[in-house]
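Spelled out as structure tokens, the structure:
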């Protein structure tokens, strides 16, 4: 199977190559009618009356104060769930909060649907409940996209929910405006879909680059990438490499390094991550840069890595928990 590749070469007299193998009720009866009479005489028709059928008047509507109280108990929980989702700063937290918001809003919609509001706001109440249900349904779909890493940040989630968020906001404003009822649960705004990118070779972090070695990065994939190179627990440098592009990092200092890389679409500088189609990986084998001095020569190592599968690729990669990815 094609796989990414690590290649080492040495300048001057040294030559080194390191390779590793790769890798969804019964209705109450009324009276019984009967006919009686005598032939040729004066007849009569009578109906034996039975018990009267009771008339249903339906549930009693809540008073304005009682309705406001009931709505208020749900308002804070719904508001908190939406704001918590929008404020998620890590992928794991986002995944949990989207699911929690979906459960919270669907439960609130069902409980509100069982109420009988004051008659004067019945239309607004019904529209609000309907919008809550539609939003909760969309949240379920969005949660699936987060789980598959199609959506990776809270901003991407809000964009995906944009039309439903706007509809819920308007329904809440209509209900609140009709009687001062607490229905304003949408306090966040969704931005339009973006595809932000950094320039090829842009350093997100650049430590001391005074070595003689270099690291050639070849990203032949269909998504941009950020490569983070770690020396122990410290990040030596991180660099942005666009799709179908290459970049050479010069001045790498001696040492043993681990190479991490993330692919995705739409780089969010604030969250320092891709907002869509994200993946997180690392090369299993570390790379070693070493400079050797002799009486007549200076020898050093250069490495080349490919971030996409190629014929003859020989480097194993492993998925990385997004929470553990260097940032």
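In our numbering, the protein residues as written are 1 to 327. Don't be surprised by glycine CBs; every beta carbon is placed ideally from N, CA and C.
Here residue 283 really is in contact with residue 315; their C-beta atoms are around 6 angstroms apart, less than 8 angstroms. Inter-residue distance for residue 88 and residue 190 is about 14 angstroms (C-alpha atoms, whole angstroms). For residue 155, the three-state secondary structure derived from DSSP is helix.
Contact annotation: the region 257-269 touches the region 220-231, with at least three C-beta pairs closer than 8 angstroms. The continuous alpha helix (DSSP H) containing residue 135 extends over residues 122-147.
The C-beta distance from residue 157 to residue 98 rounds to 6 angstroms, short enough to fall under 8 angstroms.
Apart from sequence neighbours up to five positions away, the residues of its chain that approach residue 145 with a beta-carbon distance below 7 angstroms are 151, 160, ordered along the chain. Under the 10 Å beta carbon count, residue 110 is surrounded by fewer than 16 other beta carbons and is classified as exposed. Ranked by Cα distance from residue 83, the options 122, 72, 184, 62 are led by 184.
Counting along the chain, residue 98 sits inside the alpha helix (DSSP H) bounded by residues 91-113. Between the alpha carbons of residue 304 and residue 91 lies a distance of about 30 angstroms.
Taking a 10 Å sphere around the C-beta of residue 289, we find 16 or more other C-beta atoms and assign the residue as buried. Following the DSSP letters along the chain, one finds residue 238 inside the beta strand (DSSP E) bounded by residues 234-241.
Straight through space, the alpha carbons of residue 213 and residue 300 are spaced by roughly 6 angstroms.
In this chain, the beta strand (DSSP E) harbouring residue 263 covers 255-268.
A straight line joining the alpha-carbon of residue 276 with that of residue 166 spans about 22 angstroms. Taking C-beta atoms as the reference points, residue 172 and residue 186 count as a pair closer than 9 angstroms. Excluding sequence positions up to five before and after residue 100, its CB lies within less than 7 angstroms of the CB of 81, all in the same chain and listed in chain order. DSSP places residue 218 within a strand segment (E or B) once states are collapsed to three.
Residues of the same chain with a CB within less than 8 angstroms of the CB of residue 326, apart from the 5 flanking positions on each side, are 228, 230, 235, 238, 260 in chain order. Residue 322 is classed as buried because its beta carbon has at least 16 other beta carbons within 10 Å across all chains shown. In the structure shown, residue 73 falls within a helical segment according to DSSP collapsed to helix, strand and coil. Bridge pairing for residue 225: 241, 263 [DSSP]. If you ignore the 5 residues before and after residue 200, its C-beta comes within less than 8 angstroms of the C-beta of 240, 241, 242, 245, 247, all in its own chain and listed in chain order.
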